[in-house]
Amino acid sequence: MLSNRILRGVASGEITLAFQRWPSPQAQAGSRLRTAVGLIGIGEVTEVDPGRITEADAQRAGFTSAAGLRSSLDKHGRGAVYRLALSYDGPAPELPPQPVDLRPRERVAIDRQLAQLDVSAPRGPWTRTVLEALRRRPGLRAAELAADQGRPVSRCKSDVWQLRELGLVEPHEAGFRLSPRGKSYLDSP
-14 MLSNRILRGV
-4 ASGEITLAFQ
6 RWPSPQAQAG
16 SRLRTAVGLI
26 GIGEVTEVDP
36 GRITEADAQR
46 AGFTSAAGLR
56 SSLDKHGRGA
66 VYRLALSYDG
76 PAPELPPQPV
86 DLRPRERVAI
96 DRQLAQLDVS
106 APRGPWTRTV
116 LEALRRRPGL
126 RAAELAADQG
136 RPVSRCKSDV
146 WQLRELGLVE
156 PHEAGFRLSP
166 RGKSYLDSP
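Per our numbering, the sequence shown starts with residue -14, numbered consecutively.
This is the structure in structure tokens:
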């Protein structure tokens, strides 16, 4: 609904309005959008005549002119034009991870992939050790993992990256943690 440019403008306070062309209102006053920049609050939602959009309205919507805004509206969407009052409501709270139930076939596939990683490593099995370390210490950084294991940081980053590609690990703060899939894998028998 809102471009990244508009979202960044709302977050910085430079943009306080948006104009959208919809067949029927697609947003409700008082609602919030969870976006890449955080929470965007939607204030008043009003149907407007595009010919009555002022230069000041256009600037508050991130456009240099009302004519430019009207031209953009003509290119995007069908229906009536709606004016939305926008506000930045702060960072979006992190959603709690949703539990994942692994099917037996998925578990077997993960077992096989981890076994391949373990067998191909000159130092021997390592995947379970790294996964358990991330379970014990969510947010563990590769440098900390390297210090714990007495290994180069670059090798530990590579290890974590391989586990991330399998969907077992995800970024967290400055480090990594188990993903919901990784937790489910370790928790299942």
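The beta-carbon is built from N, C-alpha and C at its ideal position, and this holds for glycine as well.
DSSP, reduced to helix, strand and coil, places I0 outside both helices and strands of the structure shown, so it counts as coil. About 7 Å separates the beta carbon of D86 from that of S169, a gap short enough to meet the 8 Å contact definition.
Within its own chain, the residues whose Cβ lies closer than 8 Å to the Cβ of G23, once the five positions on either side in sequence are excluded, are A(-4), Y73, D74, G75, P76, A77, listed in chain order. The C-beta separation of I27 from L71 comes to about 6 Å, placing the pair in contact by the 8 Å criterion.
In the three-state scheme derived from DSSP, where H, G and I count as helix and E and B as strand, T20 is classed as strand. In this structure, the CA atom of E(-1) is about 13 Å from the CA atom of N(-11). Under a 10 Å Cβ-count criterion, A46 is classified as buried, with 16 or more other Cβ atoms of the shown protein chains found around its own Cβ.
Here the alpha carbons of P89 and V145 stand approximately 24 Å from one another. Pairing V154 with Q44, the inter-Cα distance amounts to about 43 Å. DSSP links F161 through a beta bridge to L125, P156. A12 sits away from L102, with the two beta carbons spaced by 8 Å or more. Residue burial is scored here from C-beta neighbours: V33 has fewer than 16 other C-beta atoms within 10 angstroms and is therefore classed as exposed. Within the same chain, Cβ atoms closer than 8 Å to the Cβ of R92 are found at Y170, S173, the five residues on either side in sequence being excluded. In the DSSP assignment, W111 is bridged to no other residue.
Runs of alpha helix (DSSP H) with 4 or more residues, each lying fully within the region 27 to 94, are found at 40 to 45, 51 to 60, listed in chain order.
Around the Cβ of V104, a 10 Å sphere holds fewer than 16 other Cβ atoms; the residue is exposed.
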